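Residue numbers (UniProt numbering): 1 to 433.
Beta carbons are placed, not taken as given, at the ideal position from N, Cα and C, and that holds for glycine.
Every value quoted in this text rests on a predicted model; they were computed, and no experiment measured them.
Input: a single structure, listed below in structure tokens.
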């Protein structure tokens, strides 16, 4: 073992492999390439049958980053494994045997109605003709009605069988990706495939069944975030699932209230959860609009968010994600535009009061934390916000100038890589000699 470069504070080491290990690797490589060649040959022949589907399963378990094979798998599904037609890609020119289903799942043909439930063929009419008139037969009419009812019931059973089959395929496919996600939680192609499968549920299943599938997916997203609370892939995926559950296509309604509560719960578990803070910032405008919040309600929510954030900062002032959320609240306090601020109603004096209170709270942190650059940056941001409201960036007063100068001196010490930035701030406030 030899030491290598140091990255993120951890020394990278190089592992030397024995001859036996290299031989084992070579065997695995040959098997992988053989598997890949087999799939490529089938795709070239437009063979999307069960064997191709099974080969894709093996290859994706070995390498889930192989996005082309995920597309081959989709082609197998829409070329005969699914019974119904979807709004996705048109069914390919599948081979005659391409109606096979995933292992352990009946094929679409198997889900069709049996001979005992097939729609009866038209029977020879018992009607007799007499001198240009039709002889009506009540018994015949009753038989026709019975046959029509039986045909309708058979057609209904066939549709239900196909829907059950498609639901089984969807569940099987979602289940296939779960262990892959557990091992490779940040692989885009696994998440993308799950979304594609979920969209097939909307296209192929009745609304109640499709919604049930999507609700179960939201539960999986929650489990993934319990395992890795800051996984931005899982957070982005959760937002997409929630957005779909709110859609009329699934008889949805707004989920902003429970999602807002969810962000609070995740923040309380981990203050460093940037994605939870970010999600919260995106939900607040919708939350207030859907509540029909008046001026008082909006002001109250601002104060609640400031209090929540202040408690978090007191615990972990070194946490960058907290200061990003502080920037979000500060920008809302400054802005008069209702499109960018949920408290655009605040008067200039109210804005200044909130900023002054924030500056006092942040200055208190300096008594215990003198070497955290985020504190000094926040003080500069508050100062800029205040001078913006006062319209006095170039004339901030001698006392405030001295404070700003001291903060910039400390920032140059703590963050020397951004010397140019700090010099620009000095120029803005007229602090350069």
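| said: I'd like to know if the region 40–55 and the region 168–180 are in contact, where contact means that at least 3 CB-CB pairs between them fall below 8 Å. | reply: no
Taking only runs of the beta strand (DSSP E) that begin and end inside the region 38–69, which ones reach a length of at least 3 residues, in chain order? none
Cut-off 7 Å between Cβ atoms - residues of its own chain near residue 378, not counting five sequence neighbours on either side | Hits under 7 Å: 323, 326, 362.
* Asked: By the 10 Å Cβ neighbour count, where 16 or more other Cβ atoms means buried, how is residue 434 classified, buried or exposed?
  -> Any property of residue 434 remains undetermined from this structure, which presents the chain solely from 1 to 433.
- Message: Would residue 373 and residue 431 be called neighbours here (beta carbons separated by less than 7 Å)?
- Response: no
Does the Cβ of residue 348 have 16 or more other Cβ atoms within 10 Å, making it buried, or fewer, making it exposed? Classification of residue 348: exposed, given that the 10 Å Cβ count is below 16.
6 Å Cβ shell around residue 73 - same chain, five flanking residues per side excluded: 56
| message | For a quick check, are the C-beta atoms of residue 210 and residue 221 less than 7 Å apart? | response | no
Per-residue burial, residue 21 [other beta carbons within 10 Å of its own, 16 or more giving buried] = exposed
* Asked: Helix, strand or coil: which one does DSSP assign to residue 311?
  -> helix
Using only alpha-carbon positions, find the residue among 60, 380, 300 that is nearest to residue 404.
380
(request) Return the first residue and the last residue of the alpha helix (DSSP H) that residue 378 is part of. (result) 373–390
task = Look at residue 267 and residue 276 and say whether their C-beta atoms are less than 7 Å apart.
result = yes
> Can you give the Cα-Cα distance for residue 37 and residue 232, rounded to whole angstroms?
Replying inline: 35 Å
Margin query: Taking the alpha-carbon of residue 181 as reference, which of 205, 161, 237 has the nearest alpha-carbon?
Written below: When each option's Cα is compared against that of residue 181, the closest is 237.
| task | Kindly indicate which residue of 163, 344, 318, 69 has the alpha-carbon position closest to the one of residue 39. | result | Comparing alpha carbon positions, the residue from 163, 344, 318, 69 closest to residue 39 is 69.
Practice problem: Have a look at residue 66 and residue 352 and give me their C-alpha separation to the nearest angstrom. | Solution: Taking the Cα positions, residue 66 is about 55 Å away from residue 352.
**OP:** May I ask you to check if the CB of residue 34 is nearer than 6 Å to at least one heavy atom of the ligand SAH?
**Re:** The model depicted lacks the ligand SAH and carries no ligand whatsoever.
Open item on the list: Using C-beta distances below 7 Å, list every residue in its chain close to residue 319, excluding the 5 sequence neighbours before and after it, in chain order.
Closed with: 271, 272
* Using beta-carbon positions only, say whether residue 375 and residue 384 come within less than 7 Å of one another. => Going by C-beta atoms, residue 375 is not nearer than 7 Å to residue 384.
Boundaries of the alpha helix (DSSP H) in which residue 324 is found, first to last residue
320–334
Practice task
Compare the Cα-Cα distances from residue 446 to each of 406, 185, 413, 342 and report the closest residue.
Solution key: Examination of residue 446 is not possible in this model, given that the chain is present from 1 through 433 alone.
If you draw a straight line from the alpha carbon of residue 298 to that of residue 242, how long is it in whole angstroms?
Between residue 298 and residue 242, the C-alpha separation is close to 25 Å.
Against chain C, does residue 19 count as a neighbour if the rule is that its beta carbon must be under 7 Å from one of theirs? Considering every chain present, this structure includes no chain C. It has just one protein chain.
- request: Could you check what DSSP says for residue 434 in three-state terms: helix, strand or coil?
  value: Coverage of the chain is limited to positions 1 through 433, which leaves residue 434 absent and any answer about it impossible.
Exposed or buried, which one is residue 442 when buried takes at least 16 other CB atoms within 10 Å? This structure cannot speak to residue 442, because the chain is shown only from 1 to 433.
**Straight-line Cα distance separating residue 16 from residue 309** = 49 Å
Task: Buried/exposed call for residue 194, threshold 16 Cβ in 10 Å - done: Buried, because 16 or more other Cβ atoms sit within 10 Å of the Cβ of residue 194.
**Report entry** Close-in-space but distant-in-sequence residues of the same chain around residue 422 (CB under 6 Å, 5 per side omitted)
**Finding:** 408, 411, 412
State buried or exposed for residue 216, treating a residue as buried only when at least 16 other CB atoms are found within 10 Å of its CB.
-> exposed
- [ ] Just list the beta strand (DSSP E) runs in the region 215–257, keeping only unbroken ones of 3 residues or longer that don't cross its boundaries, in chain order.
- [x] none
Hey, how far is the Cα of residue 213 from the Cα of residue 224?
17 Å
message = So, at 8 Å on beta carbons, what are the nonlocal neighbours of residue 329 in its own chain, with the 5 sequence-adjacent residues on each side left out?
response = 302, 305, 306, 309
| field | Beta-carbon proximity check, residue 64 vs residue 190, cutoff 7 Å | value | yes
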